[in-house]
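Report on the following structure.
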DNA sequence: CAATTACGGTACCAATAGTAACCGAATTTG
DNA sequence: CAAATTCGGTTACTATTGGTACCGTAATTG
């Protein structure tokens, strides 16, 4: 889409863009986002960090947001290969979620995404995040489909991805292997290893006068 | 904390601040945030919308972010009363989550929160969102505590709040009563009403050669 | 060589957060 | 009532930043 070269035709005459400069700008953007947040990522600073000029930015992207989006996209395309299907749903989910958490937690990419994750006003950023989200959904569907857990599949996916997003981006806390284990167990409706058998109706069981529930 | 009046002492001499102006500014901030996003909420525009001046803003708050945080706090303190405890966990959760979704979905408060939900760099904003989050957690703990669902309570809470947050703020989709129903059933480990009995190990069941799982 | 385009640098413009100065009016204290 | 004080609204100012324009130089095509 964004790429100028459609394979065919001759090279445009004139000095070609230096790939080194492009890469340095993408890198500077990702690292600055991760280390200092979106606010600190001014065009001048990104250019300086990449040891180039503002003009080099605007020759490649129409605006700052597009550069930021491109840096996220590049980093997303660099992350580790997909989790292999092993045939067991619980195992597949554990593996996929572990990989996902590993890619988003305590990595420049993860911090960068966190720093822009609510700037949905910027279509460029919204699009990148949407693409990544769609890919994760698709992956999880492939794990669930044609298994006995297909019922409420979309809700199960929302619960799992929501957990990761919530803990990492809202609560600013790490997602531990135990968290993943517990979530997978609950979402698959397996009897939790350490919890007693569930009791659908624990009686009106019984609320001693407790303080009113705060809201929201 | 922020309030100047600590009950005691005499009133400061001189003309008092007009409550009407303060309210108009808080209102203008919330509505502008909701309707046009954080980017569009310039101090000049907020002041104009409140039919007052920039100076009126800076007499009340040290900076723009503090005004925005105050407007969110005020709106959060205005929302409907807590969901009453009814003694049945599933019922309590449904009710609490319905109220939460109603307060955050298709309301100015909800849209305003969405527009600032990733500006964690601003301590003022992070604090308000954190307070709201803590209150919700506390409420859900009061529903779970002393029931047979206490095991993995924190993960169950993360799953439920994560689902709401994820659908509303990440996927930009509404949370329907059916969504809540399905989530509560899954998180409580109840047999889903429309799904067949869960099968903990659906065999290696069986992955026909499918495309590799995309990631992340 | 001539044409073209990138490179890095500087200068510039428009918008915005925040500050300062002003003056009339309101309110409290004495 | 008089003095002191603070508010209310207006205008002007500074500093920062996104984005544009122009410069002389370097690299590439023909």
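Chains as they are written, first to last, in my numbering: chain W, 1 to 216; chain S, 1001 to 1216. Heads up, the beta-carbon is just placed ideally off N, CA and C, and yes, glycines get one too.
Check your understanding: Any C-beta of chain W sitting closer than 9 Å to the C-beta of residue 1021/S?
Key -> Residue 1021/S does not count as touching chain W.
Check your understanding: Should the region 119-136 of chain W be called in touch with the region 62-75 of chain W, which here means at least 3 C-beta pairs below 8 Å?
Key -> The region 119-136 of chain W is in contact with the region 62-75 of chain W.
Practice item. Report the three-state DSSP secondary structure of residue 19/W (helix, strand or coil). Key: DSSP, read as helix, strand or coil, puts residue 19/W in helix.
Review point. Should the region 86-98 of chain W be regarded as contacting the region 1072-1087 of chain S, the criterion being three or more beta carbon pairs within less than 8 Å?
Key: Verdict: no, contact absent.
Point to revise | Between the CA atoms of residue 48/W and residue 41/W - distance to the nearest angstrom | key: Looking at the two C-alpha atoms, the distance is approximately 11 Å.
**Study point:** Whole alpha helix (DSSP H) elements within the region 1127-1200 of chain S, 4-residue minimum
**Key:** As far as the region 1127-1200 of chain S is concerned, its whole alpha helix (DSSP H) runs of at least 4 residues are 1153-1165 and 1177-1188.
Practice item. Quick one: grab the DSSP three-state call for residue 1123/S. Key: Look at residue 1123/S here: in three-state DSSP terms it is helix.
Review point. Can you tell me where the alpha helix (DSSP H) with residue 108/W in it begins and where it stops?
Key: Counting along the chain, the alpha helix (DSSP H) containing residue 108/W begins and ends at 108-116.
Check your understanding: Do the CB positions of residue 1105/S and residue 1184/S come within less than 9 Å of each other?
Key -> In this structure, residue 1105/S lies away from residue 1184/S, with their beta-carbon atoms at least 9 Å apart.
Exercise for review: Can you tell me the Cβ-Cβ gap for residue 1073/S and residue 1128/S, rounded? I've got them flagged as a contact below 8 Å.
Suggested key: About 5 Å separates the CB atoms of residue 1073/S and residue 1128/S; that is less than 8 Å, so the two are in contact.
Check your understanding: Where do the N-terminal and C-terminal ends of the alpha helix (DSSP H) with residue 1047/S fall, by residue?
Key -> Looking at the DSSP string, the run of the alpha helix (DSSP H) that includes residue 1047/S is 1043-1049.
Review point. Between residue 115/W and chain S, is there a C-beta pair that is closer than 9 Å?
Key: For residue 115/W, the answer is yes, since a Cβ of chain S falls inside 9 Å of its Cβ.
Check your understanding: Is the CB of residue 1106/S under 9 Å away from at least one CB in chain W?
Key -> Not closer than 9 Å to any Cβ of chain W, the Cβ of residue 1106/S fails to qualify, so no.
Practice item. Quick one: list the residues of chain S neighbouring residue 166/W, beta-carbon separation under 8 Å, in chain order. Key: Per Cβ cutoff of 8 Å: 1158, 1161, 1162, 1165 and 1166.
**Study point:** Straight-line Cα distance separating residue 27/W from residue 14/W
**Key:** A direct Cα-Cα distance of roughly 26 Å separates residue 14/W from residue 27/W.
Point to revise | Inter-residue Cα distance where the pair is residue 1153/S and residue 1147/S | key: Annotation: residue 1153/S to residue 1147/S spans about 10 Å, alpha carbon to alpha carbon.
Review point. Going by the beta-carbon positions, is the gap between residue 35/W and residue 108/W smaller than 9 Å?
Key: Yes, the Cβ-Cβ distance between residue 35/W and residue 108/W is below 9 Å.
Point to revise | residue 1145/S, buried or exposed, once every other Cβ within 10 Å from all chains shown has been counted against 16 | key: Result: exposed.
Point to revise | Terminal residues of the alpha helix (DSSP H) in which residue 1091/S lies | key: Note, residue 1091/S: alpha helix (DSSP H), 1089-1104.
Check your understanding: When DSSP labels each residue in this structure, what does residue 27/W get in the three-state scheme?
Key -> Reduced to three states, the DSSP call for residue 27/W is helix.
**Study point:** Inter-residue spacing [alpha-carbon to alpha-carbon] between residue 190/W and residue 1189/S
**Key:** Pairing residue 190/W with residue 1189/S, the inter-Cα distance amounts to about 8 Å.
Review point. Residue 1112/S and residue 169/W: beta carbons closer than 9 Å?
Key: No. Outside cutoff.
Exercise for review: Indicate whether residue 1100/S and residue 1164/S have their beta-carbon atoms separated by less than 9 Å.
Suggested key: A contact, by the Cβ cut-off of 9 Å.
Point to revise | Cα-Cα separation, residue 1024/S to residue 1130/S | key: Residue 1024/S and residue 1130/S have their C-alpha atoms roughly 25 Å apart.
Exercise for review: Kindly indicate the opening and closing residues of the alpha helix (DSSP H) around residue 1077/S.
Suggested key: Run containing residue 1077/S: 1064-1078, per the alpha helix (DSSP H) assignment.
Point to revise | Identity of the residue in 1045/S, 1033/S, 1094/S and 1056/S nearest residue 1018/S by Cα | key: Nearest C-alpha to residue 1018/S: 1056/S.
Review point. Which value, in whole angstroms, describes the spacing of the CA atoms of residue 1177/S and residue 1043/S?
Key: It is roughly 39 Å from the alpha-carbon of residue 1177/S to the alpha-carbon of residue 1043/S.
Check your understanding: Taking Cβ positions only, does residue 120/W come closer than 9 Å to chain S?
Key -> Taking a beta-carbon distance threshold of 9 Å, residue 120/W counts as an interface residue toward chain S.
Practice item. Could you check if residue 1050/S is buried or exposed, using at least 16 other CB atoms within 10 Å of its CB as the buried criterion? Key: A buried status is given to residue 1050/S, since no fewer than 16 other beta-carbon atoms sit within 10 Å of its beta-carbon.
Review point. When the cut-off is 9 Å and only beta carbons count, does residue 1035/S lie next to chain W?
Key: Output row for residue 1035/S: interface = no.
Check your understanding: Under the three-state reduction of DSSP, which class applies to residue 1037/S: helix, strand or coil?
Key -> The DSSP-derived three-state label of residue 1037/S is helix.
**Study point:** Span separating the alpha-carbon of residue 1173/S from that of residue 1166/S
**Key:** When rounded, the distance between both Cα atoms is 9 Å.
Point to revise | chain S contacts made by the region 138-159 of chain W, where a contact means CB separation under 8 Å | key: Result list: 138, 139, 142, 143, 146, 147, 148, 149, 151, 152, 155, 156, 158 and 159.
Review point. Quick one, are the C-beta atoms of residue 157/W and residue 141/W less than 9 Å apart?
Key: In contact: residue 157/W and residue 141/W (Cβ atoms closer than 9 Å).
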